[in-house]
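Written below as structure tokens is the structure these notes are about.
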């Protein structure tokens with residue numbers, strides 16, 4: 005009987021100790037959530053709760069009074085400073101940041117803390133104890149930058165009195181840090197149609213784009229880009245458009261991004277029907293936006309680019325697209341996207357307007 009009492013007491017002690025070693029979030033209504041604070045989004049604190057550590061909770065910041073942690077957090081502040089400190093509870097809307105108590109070298113928690121310490125490319129500042137507003141925290145445990153993007157395919161086949169088929173591929177990639185951003189895009193489309201026994205190519209075009217943004221501040225950046233494209237059906241062998249300029253990131257949230265850009269471009273156009281290659285300079289005005297809804301399951305995108313020739317304002321190019329992507333399961337998605345290209349003064353026998361509607365599926369990474 006005595007052994008059972010001792011065993012029961014040991015179990016209770018371990019349970020209390022485990023609870024004491026957990027991070028804790030105090031809500032404004034007085035509730036407390038214990039677990040492991042993992043990160044911070046634009047408007048929520050992400051916690052793996054004790055009662056279900058394999059899942060996460062996103063707790064709105066407006067509901068949080070204060071929080072505390074057992075181990076140091078890497079905190080990136082909105083002014084750019086990076087701290088590596090333990091959080092302690094403070095008055096509503098604030099936390100106290102302090103240095104952690106040094107664990108004994110023979111303690112198993114010492115090895116665990118070192119192996120699980122969050123990584124960051126930015127230097128860590130061992131600041132003295134201080135009170136900090138939660139609103140000043142931009143990121144918690146920021147992850148090292150990595151490439152994100154998608155690879156997709158689309159196709160069409162119809163057969164009746166006439167036959168039409170089309171296949172296409174597209175890929176995009178982005179790598180974003182606090183100081184720069186790299187975007188890469190590529191697409192290809194090919195189609196044929198048979199009408200009254202005569203077969204012709206209905207689509208044969210490709211486009212590649214590389215763009216680099218250098219952030220001079222959290223919102224202002226300088227950019228350089230290079231786009232190359234071809235549309236054989238529209239007798240365009242090659243168009244190359246290098247551009248430079250400046251942009252402004254008006255909105256940069258997890259669920260909404262919007263930016264505008266302005267600068268200059270140089271256009272190189274080689275049409276099959278033109279004896280000479282066309283070369284001209286142009287201004288470049290552009291904007292792009294994307295919005296996620298339905299808890300991130302649906303993503304809406306739109307971009308617009310206007311390039312008027314500096315020598316003739318009636319000679320201009322317009323590139324625009326709009327689309328919707330729906331997450332299906334895991335990294336699998338379906339997508340519909342419409343594209344418009346307009347050249348006010350194209351080469352001989354070339355159409356001014358080229359449109360494309362793409363419906364397909366792909367994988368994100």
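Numbering (our numbering), first residue to last: 5 to 369. Ideal Cβ placement from N, Cα and C applies to all residues, glycine included. Predicted model, so just to flag it, every value in this text is computed and none were measured.
Exercise. How would you call residue 225, buried or exposed, if buried means at least 16 neighbouring beta carbons within 10 angstroms?
Worked result: buried
Exercise. Expressed to the nearest angstrom, what Euclidean distance is found between the alpha-carbon atoms of residue 243 and residue 178?
Worked result: 24 Å
Exercise. Going by the beta-carbon positions, is the gap between residue 43 and residue 145 smaller than 7 Å?
Worked result: yes
Exercise. Can you list the beta strand (DSSP E) stretches of 3 or more residues lying completely in the segment 19 to 81, in chain order?
Worked result: 27 to 31, 36 to 44, 48 to 53, 61 to 64, 68 to 72, 77 to 81
Exercise. Exposed or buried, residue 301, counting other C-beta atoms within 10 Å across all chains shown (16 or more means buried)?
Worked result: exposed
Exercise. Among the residues of its own chain, which have a CB less than 6 Å from the CB of residue 257, if the five just before and after it don't count?
Worked result: 46
For this session: With a floor of 3 residues, list each beta strand (DSSP E) that falls wholly inside the segment 180 to 234, ordered by position along the chain.
Result: 184 to 199, 202 to 219
For this session: Decide if the segment 230 to 242 is in contact with the segment 273 to 289; the criterion is three or more beta carbon pairs, one per stretch, under 8 Å apart.
Result: yes
For this session: Counting only the same chain and skipping the five closest in sequence on each side, list residues whose C-beta sits under 7 Å from that of residue 234.
Result: 209, 210, 240, 241, 242
Exercise. Should the segment 89 to 102 be called in touch with the segment 130 to 140, which here means at least 3 C-beta pairs below 8 Å?
Worked result: yes
Problem set entry | Rounded straight-line distance, which links the Cα of residue 266 to that of residue 285 | 14 Å
Problem set entry | Distance between residue 212 and residue 66 (C-alpha atoms, nearest Å) | 43 Å
Problem set entry | Buried or exposed (CB count within 10 angstroms, at least 16 for buried), residue 288 | buried
Exercise. Roughly how many angstroms lie between the CA atoms of residue 263 and residue 188, to the nearest whole one?
Worked result: 17 Å
For this session: Kindly provide the ranges of any beta strand (DSSP E) runs that are 3 or more residues long and lie completely inside the segment 309 to 336, ordered along the chain.
Result: 320 to 333
For this session: Compute the Euclidean distance between the alpha carbons of residue 165 and residue 171, then round it to the nearest angstrom.
Result: 21 Å
For this session: Would you kindly check if the distance between the Cβ of residue 62 and the Cβ of residue 48 is under 7 Å?
Result: yes
For this session: Specify the secondary structure class of residue 140 as computed by DSSP and reduced to three states.
Result: helix
Problem set entry | For residue 299, the nearest candidate out of 260, 69, 81, 228 (CA to CA) | 260
Problem set entry | Burial state of residue 51, where buried means 16 or more other Cβ atoms lie within 10 Å | buried
Problem set entry | Runs of beta strand (DSSP E) lying entirely within the segment 245 to 302, each at least 3 residues, in chain order | 260 to 275, 282 to 297
For this session: Enumerate in chain order the residues of its own chain whose CB-to-CB distance from residue 350 is below 6 Å, with the five nearest sequence positions on each side excluded.
Result: 356
Exercise. Got a sec? Which residues, its chain only, sit under 7 Å from residue 361 by beta carbon, not counting five neighbours each side?
Worked result: 342
For this session: Might you give, ordered along the chain, the residues of its own chain that have their beta carbon closer than 6 Å to the beta carbon of residue 124, omitting 5 neighbours on each side?
Result: Because the pLDDT at residue 124 is just 42, under 50, the model does not fix this residue reliably, and the point stays unresolved.
Exercise. What residue range is occupied by the uninterrupted beta strand (DSSP E) comprising residue 161?
Worked result: 151 to 163
For this session: Using DSSP bridges, identify the partner residues of residue 362.
Result: 341
Problem set entry | Backbone CA spacing between residue 417 and residue 155 [nearest angstrom] | Within the shown structure, residues of the chain are numbered from 5 to 369, placing residue 417 beyond reach of any answer.
Exercise. When you compare each of 103, 86, 313, 70 to residue 76 by their alpha carbons, which one comes out closest?
Worked result: 103
Exercise. Which residues bound the beta strand (DSSP E) around residue 90?
Worked result: 86 to 93
Problem set entry | As assigned by DSSP and simplified to three states, the class of residue 237 | helix
Problem set entry | N- and C-terminal bounds of the beta strand (DSSP E) containing residue 102 | 98 to 102
For this session: Go ahead and pull the three-state DSSP assignment for residue 147.
Result: coil
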